[in-house]
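So for the sequence shown, this note's numbering puts the first residue at -4; every next one is plus one.
Note that the Cβ used here is the ideal one computed from N, Cα and C, for glycine as well.
Working notes, beginning with the structure itself.
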Amino acid sequence: MTTVVVTHAVGNMDTWLAGGDHRKAVFANFCSSYRILRHSDAKLVSIVCENVDLAKMKSTLSTPETEAAKAADTVIDPVEIYIEVEGGK
-4 MTTVVVTHAV
6 GNMDTWLAGG
16 DHRKAVFANF
26 CSSYRILRHS
36 DAKLVSIVCE
46 NVDLAKMKST
56 LSTPETEAAK
66 AADTVIDPVE
76 IYIEVEGGK
């Protein structure tokens, strides 16, 4: 299990922030917890995911349910994924 940062743009920040139930449903499939960071100026967010099962994350992010949640919450592709480098300090 590892830490992953997911970063993407959003079309409407208020809509995206209101979509917490979608995130809980999606992220519960592959991580134990997550924190949301918002860019101070741009419509960008980063989500820090803890204890990620990378195989489950990959399969979850490609489902029709996840695509529907992304559309409802105004997520703009690409979704960039940063994986923790073991021992990277």
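Based on DSSP bridge pairs, tell me the residues matched to residue i.
i          : result
residue 4  : 39 and 71
residue -2 : Answer is none; residue -2 lacks a bridge partner.
From what residue to what residue does the alpha helix (DSSP H) around residue i run?
i          : result
residue 54 : 49 to 56
residue 19 : 15 to 22
If I follow the unbroken beta strand (DSSP E) through residue i, where does it start and stop?
i          : result
residue 28 : 28 to 33
Please confirm whether residue i and residue j have their CB atoms less than 9 Å apart.
i          : j          : result
residue -1 : residue 40 : no
residue 75 : residue -3 : no
residue 3  : residue 72 : yes
residue 56 : residue 21 : yes
For residue i, which three-state DSSP category applies?
i          : result
residue 60 : helix
Practice task
Could you tell me whether the region 27 to 40 touches the region 54 to 64, using the rule of 3 or more Cβ pairs below 8 Å?
Solution key: no
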